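Note that the protein sequences, when read in sequence, are chains A and B.
So the first sequence is numbered by this note's numbering: it starts at 444 and just counts up by one.
So the second sequence is numbered by this note's numbering: it starts at 29 and just counts up by one.
Note that the Cβ used here is the ideal one computed from N, Cα and C, for glycine as well.
Remember, predicted model here, so these are calculated numbers, not experimental data.
Have a look at the structure below, then the notes.
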Amino acid sequence: GAVVSQHPSRVICKSGTSVKIECRSLDFQATTMFWYRQFPKKSLMLMATSNEGSKATYEQGVEKDKFLINHASLTLSTLTVTSAHPEDSSFYICSTPGGPYNEQFFGPGTRLTVL
Amino acid sequence: DAKTTQPPSMDCAEGRAANLPCNHSTISGNEYVYWYRQIHSQGPQYIIHGLKNNETNEMASLIITEDRKSSTLILPHATLRDTAVYYCIVSSGGATNKLIFGTGTLLAVQP
């Protein structure tokens with residue numbers, strides 16, 4: 444199946460700073476990528492759908508100006524958490540439909556801690 | 029996408045079969061049943077999916093009832109490494125179709 448990487452794997456930042464998380468599809472051209480976040484002991488919550496060459500589609504309740512998504516190439520989507528606050532601390536995961544049955548392949552996740 | 033209902037947790041002895049149930053009574057005719065699992069602090073992993081026939085691969089078997097309102101994921105010989113949260117998701121399966129995760133079942137394989 445498709446191999447998806449994320450960078451960084453974990454990041455600690457100060458409140459008010461911005462953090463960029465990269466999601467790469469290493470062996471598959473991904474026109475669509477999905478971004479999720481997961482709080483401790485909770486399930487994954489879909490944040491947005493990232494579309495190559497066009498604007499992302501955000502789920503209800505997700506602030507598009509706070510969570511900037513760029514999908515400039517078929518192998519890279521980035522999520523930038525702007526002006527991060529402690530409540531943004533979470534596990535951020537991306538995925539892409541890379542299999543023959545459009546099954547999703549997920550990245551290993553990025554643990555964000557905002558102090 | 030239809031909602032699913034799973035038990036919050038299950039235990040299984042190592043080497044025994046683990047049978048994880050899922051109810052999806054409002055599934056539509058064109059929706060598949062997908063199973064994913066998430067080992068602690070990792071991204072989810074695809075396991076198997078099916079439409080109406082039973083399916084088997086190297087990881088697991090999927091049994092779907094004739095009315096498609098429920099299914100069971102079977103891990104034939106559970107190992108400690110199978111300890112994870114297992115998610116049952118119904119989706120129409122298109123490339124742009126988003127997955128909506130429920131709360132899943134935490135399977136704890138005991139030595």
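Which value, in whole angstroms, describes the spacing of the CA atoms of residue i and residue j?
{"i": "residue 548 of chain A", "j": "residue 70 of chain B", "result": "12 Å"}
{"i": "residue 51 of chain B", "j": "residue 88 of chain B", "result": "18 Å"}
{"i": "residue 552 of chain A", "j": "residue 480 of chain A", "result": "9 Å"}
{"i": "residue 91 of chain B", "j": "residue 77 of chain B", "result": "10 Å"}
{"i": "residue 126 of chain B", "j": "residue 498 of chain A", "result": "16 Å"}
{"i": "residue 559 of chain A", "j": "residue 476 of chain A", "result": "There is simply no residue 559 of chain A to check, as chain A begins at 444 and stops at 558 in what is shown."}
{"i": "residue 504 of chain A", "j": "residue 490 of chain A", "result": "9 Å"}
{"i": "residue 536 of chain A", "j": "residue 550 of chain A", "result": "6 Å"}
{"i": "residue 67 of chain B", "j": "residue 85 of chain B", "result": "19 Å"}
{"i": "residue 44 of chain B", "j": "residue 102 of chain B", "result": "10 Å"}
{"i": "residue 545 of chain A", "j": "residue 478 of chain A", "result": "16 Å"}
Does the Cβ of residue i have 16 or more other Cβ atoms within 10 Å, making it buried, or fewer, making it exposed?
{"i": "residue 527 of chain A", "result": "buried"}
{"i": "residue 110 of chain B", "result": "buried"}
{"i": "residue 113 of chain B", "result": "buried"}
{"i": "residue 104 of chain B", "result": "exposed"}
{"i": "residue 406 of chain A", "result": "Within the shown structure, residues of chain A are numbered from 444 to 558, placing residue 406 of chain A beyond reach of any answer."}
{"i": "residue 541 of chain A", "result": "buried"}
{"i": "residue 129 of chain B", "result": "buried"}
{"i": "residue 543 of chain A", "result": "exposed"}
Which residue from the options puts its Cα closest to that of residue i?
{"i": "residue 532 of chain A", "options": "A/551, A/454, A/505", "result": "A/454"}
{"i": "residue 494 of chain A", "options": "A/554, A/541, A/474", "result": "A/474"}
{"i": "residue 457 of chain A", "options": "A/519, A/522, A/530", "result": "A/530"}
{"i": "residue 445 of chain A", "options": "A/554, A/558, A/539, A/510", "result": "A/539"}
{"i": "residue 511 of chain A", "options": "A/524, A/483, A/459, A/500", "result": "A/524"}
{"i": "residue 469 of chain A", "options": "A/516, A/554, A/556", "result": "A/516"}
{"i": "residue 82 of chain B", "options": "B/108, B/121, B/100, B/128", "result": "B/100"}
{"i": "residue 107 of chain B", "options": "B/74, B/42, B/73", "result": "B/42"}
{"i": "residue 57 of chain B", "options": "B/49, B/121, B/138", "result": "B/121"}
{"i": "residue 124 of chain B", "options": "A/500, A/555, A/488, A/482", "result": "A/500"}
{"i": "residue 137 of chain B", "options": "B/31, B/47, B/79", "result": "B/47"}
{"i": "residue 558 of chain A", "options": "A/452, A/447, A/460, A/451", "result": "A/460"}
{"i": "residue 485 of chain A", "options": "A/502, A/534, A/556", "result": "A/534"}
Could you work out which residues of chain B lie near residue i, taking near to mean beta carbons separated by less than 7 Å?
{"i": "residue 544 of chain A", "result": "77, 121"}
{"i": "residue 547 of chain A", "result": "74, 127"}
{"i": "residue 477 of chain A", "result": "126"}
In chain A, which residues lie with their C-beta within 7 Å of the C-beta of residue i?
{"i": "residue 71 of chain B", "result": "536, 549, 550, 551, 552"}
{"i": "residue 114 of chain B", "result": "Chain A residues near residue 114 of chain B: none, gap ~12 Å exceeds 7 Å."}
Just the chain A side, please: which residues come within less than 9 Å of residue i by C-beta, in chain order?
{"i": "residue 32 of chain B", "result": "Here the premise fails: no neighbours, minimum Cβ distance about 11 Å."}
### Query
For the 8 Å Cβ check, are there 3 or more pairs between the stretch 90-106 of chain B and the stretch 457-469 of chain A?
no
### Query
Three or more C-beta pairs closer than 8 Å, one from the stretch 113-126 of chain B and one from the stretch 59-66 of chain B: is that the case here?
Contact holds between the stretch 113-126 of chain B and the stretch 59-66 of chain B, because three or more Cβ pairs, one in each stretch, are under 8 Å apart.
### Query
Do the stretch 29-38 of chain B and the stretch 119-133 of chain B touch if we need at least three Cβ pairs shorter than 8 Å?
yes
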